[in-house]
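Student:
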Amino acid sequence: MRRRILLLGLALTVIALLLPTPAGIAAPAIAWAPCQDDPGFDCGTVSVPIDWNRRNGPRIDLALARHRATDPAARVGSLLIHPGGPGGSGVDFVMARPNWLSDELHRRFDIVGFDPRGVARSHPIVCSGEALDRTPYLVPASAAQFEALRVAITDLRADCRARTGPLYDHVDTLNVVRDLDAIRAALGEEKLTFYGVSYGTLLGQQYAEMYPRRVRALALDSNVDHSLDMREFFDTEAVAAQDSFDEFANWCARSRNCALHEQGVRAVWTRLLAKADRGELRNPEFPDIPVTALSLISEAHLRFYGPQWEFLAQLLVDLDNGAALPPGVLAPYQNGEVAAFPFPALCQDFDLRARGYGEYAGHLRRSARLAPDMRYGPLAATMGPICLAQPTPIPNPQRPTRVRDSFPLLLGSTLHDPAAPYEWTVGLARQLGPYARVLTYEGWGHGTYGWSDCTTGAFDAYLISRTLPPRGKRCEAVSGLTARLPQPPPAHIRTPILPTWPAPRLVSG
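Those letters in the sequence shown? Residues -25 to -1, 1 to 484, by mature numbering (1 follows the signal peptide of the UniProt record, and there is no 0).
1) On the DSSP letters alone, give me the boundaries of the alpha helix (DSSP H) that His276 sits inside.
2) Opposite Pro265 in the DSSP bridges: which residues?
3) Under the assumption that Phe223 contacts Pro282 (Cβ atoms under 8 Å), give the Cβ distance between them as a whole number of angstroms.
4) Pull up the distance between the alpha-carbon of Leu193 and that of Leu177, whole angstroms please.
5) Judging by CA-CA distance, which residue of Ser427, Arg446 and Asp435 is the nearest neighbour of Ser454?
6) Compare the beta carbon distance of Trp419 and Asp200 with 7 Å and say whether it is the shorter of the two.
7) Output the boundary residues of the alpha helix (DSSP H) element that contains Ser381.
8) Given a cut-off of 7 Å on the beta-carbon distance, is the pair Thr430 and Cys450 in contact?
9) With a CB to CB cut of under 7 Å and the five nearest residues on each side skipped, what residues in its chain are close to Arg246?
10) Would Ala123 and Pro111 be called neighbours here (beta carbons separated by less than 7 Å)?
11) Let me know the secondary structure DSSP gives His18 once reduced to three states.
12) Flag this pair as yes or no: are the beta carbons of Asn258 and Leu291 separated by less than 7 Å?
13) What's the gap between the Cα of Leu339 and the Cα of Leu203?
14) I'd like to know if the stretch 67 to 75 and the stretch 125 to 135 are in contact, where contact means that at least 3 CB-CB pairs between them fall below 8 Å.
15) Can the beta-carbon of Asp385 be found closer than 7 Å to that of Ala213?
16) Counting C-beta neighbours from all protein chains within 10 Å, is the total for His467 16 or more, i.e. buried, or is it exposed?
17) Give me the residue from Cys233, Arg379, Gly19 and Val69 with the minimum Cα distance to Ala188.
18) Between Pro360, Arg377, Pro14 and Pro307, which has its C-alpha nearest Met70's C-alpha?
19) Pick from Ser270, Asn310 and Pro360: whose alpha carbon is nearest that of Arg350?
20) Buried or exposed: which applies to Glu274, given that a residue is buried once 16 or more other Cβ atoms fall within 10 Å of its Cβ?
21) Taking all protein chains shown into account, decide if Gln309 is buried (16 or more other Cβ within 10 angstroms of its Cβ) or exposed.
22) Just checking my contact of Ser97 with Asp90 at CB under 8 Å: how many whole Å lie between their CB atoms?
23) Can at least three beta-carbon pairs, one atom from the stretch 318 to 335 and one from the stretch 355 to 364, be found at a separation below 8 Å?
24) Output the boundary residues of the alpha helix (DSSP H) element that contains Glu212.
25) Measure the alpha-carbon distance for Gln373 versus Asp85 and round it to whole angstroms.
26) When DSSP labels each residue in this structure, what does Trp7 get in the three-state scheme?
27) What does DSSP give as the partner residues of Asp85 in its beta bridges?
28) Kindly indicate which three-state DSSP category Ala329 falls into: helix, strand or coil?
29) Let's see if you can read the secondary structure: which residues bound the beta strand (DSSP E) around Ala38?
30) Restricting to Cα atoms, I'd like to know which of Ser230, Thr211 and Gln289 is closest to Trp244.
31) Go ahead and pull the three-state DSSP assignment for Trp244.
32) If you count every other CB in all the chains shown that lies within 10 Å of the CB of Gly175, and 16 or more means buried, which is it?
33) Nearest-angstrom Cα distance between Gly422 and Leu414?
34) Residues in the same chain with beta-carbon distance under 6 Å from Ala343, minus the five sequence neighbours each way, listed in chain order, please.
35) With distances taken between CB atoms, is the gap from Pro317 to Ile264 smaller than 7 Å?
36) Are the CB atoms of Gln180 and Val152 within a distance shorter than 7 Å?
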């Protein structure tokens, strides 16, 4: 009898460890202290298991930063922020951009940013800088180049995995969802209030799937659609990249503020791409290193995020004339002995690997028809090769998003998003059905928060009082390029949804 009782107790303990922590059970409180970099913020950590299926196994500390509510009497709770990436640091975002969110959100919430597992201060994934530097061009043009890239990526993965340790295999978004819930509990919040942008929207979506009754308000901006297969991903990214190029060219044709107003965008763009293809395009500061076509396309794509049309037009003029470029633009990336490398998270969330060069080249040919100026969406063209060595099955493969018994999610999107196409938000809304409400900004760029009183007001009302905008709510585009919040733009606008590959031939600012 005594043995049975012991076995029963052990079984119940194991079951309890495997179950999610109930919302009402308190987690260990965070030991906040003034941040060393800025005492105006509080810093702390939350301990989580490397593998959530082995909760008694090795653990890591997740780094957090908090800006306390400016009006404690009106405080609603904690608002957690994820700036995207993968690889975006929520700690840096909160501390470097204290005025990006509205005064009202700062008045009503503790603003809390966190570094996801594998990022920045939360046990970052690191690789040999030399191995990164040896990586071939990421848009292979032949079967031989494709195979050489596969070999290099396989070697790089082995290096990164050895340097990073067991965490390397556990950085998919489903693990981060469990981390996010642990942070919520440690903050003492019964339910989660969250703003995620770009790749951070996937975290919000999958949190609502896993913990629907712990959702207070999830505001998701420039949404990722996790249901897309490889063909759909290539096609939608190519269409979005070309649409943003068209909007840039149309603006230049009608605006005398455009340095290419007289020449026209397409004539100069075509000439520059041809020079890049021949290996003749150079940044004068680094004359021995050609500017590749991928670097040029990626640079333009990045400038569509703002959008920074005036800057891009002048940059193309300077490149065409061989003039000096702004510091850091189209400059070689200098890797140290080791370098941070957040891409394993992406490879564990999306299976976009071509089975061979023929399949990959077919996607590129189709992209070229859809995007005659941009050739392809640079995110799609490079994502597949980056993940060639990822073993199958991947931990978090694509599938439709299914949410039940949750408070509705707010989904924001611009009509002309270069990286997270409007179509992705519309498709996600269809998957969520009554658990989604779409807010459309009829303008440009990546991210809608902060564009206008209309977009900011809708997000704030939802986060503060859980007031949903009317169905079909649309906000007019703001005229002019200086209407957005202070420059330089927030981190999620400066940093692509998938950060630019950190190899010398490819990095573009």
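Note that the Cβ used here is the ideal one computed from N, Cα and C, for glycine as well. The structure presented is a predicted model; accordingly, all values stated were derived computationally and were not measured.
Tutor: Result, derived from the coordinates:
1) Ala268 to Arg278
2) Arg257
3) 7 Å
4) Taking the straight line joining both Cα atoms gives about 11 Å.
5) Ser427
6) no
7) Here Ser381 belongs to no alpha helix (DSSP H), and DSSP marks it neither H nor E.
8) yes
9) Asp295
10) yes
11) Checking the sequence, you will find Cys at residue 18 rather than His. Note: Cys18 maps to strand in three-state DSSP.
12) no
13) 17 Å
14) no
15) The residue asked about is misnamed: residue 385 is Leu in this sequence, not Asp. The answer is no: Cβ separation not under 7 Å.
16) Note on His467: pLDDT 31, under 50, position unreliable in the model; no value is reported.
17) Ala is not the amino acid found at residue 188; the sequence shown has Arg there. If we check each option's Cα against that of Arg188, Arg379 comes out closest.
18) Nearest of Pro360, Arg377, Pro14 and Pro307 to Met70, Cα basis: Pro14.
19) Ser270
20) buried
21) Here Gln309 is exposed. Its C-beta has fewer than 16 other C-beta atoms within 10 Å.
22) Contact flag correct, Cβ pair sits at about 4 Å.
23) yes
24) Met205 to Arg229
25) 33 Å
26) coil
27) Asp85 pairs with Ser53.
28) coil
29) Arg34 to His42
30) Gln289
31) In the structure shown, Trp244 sits in a helix (DSSP, three-state: H, G or I).
32) Buried, since its Cβ has 16 or more Cβ neighbours within 10 Å.
33) Between the alpha carbons of Gly422 and Leu414 lies a gap of roughly 11 Å.
34) Arg350
35) no
36) no
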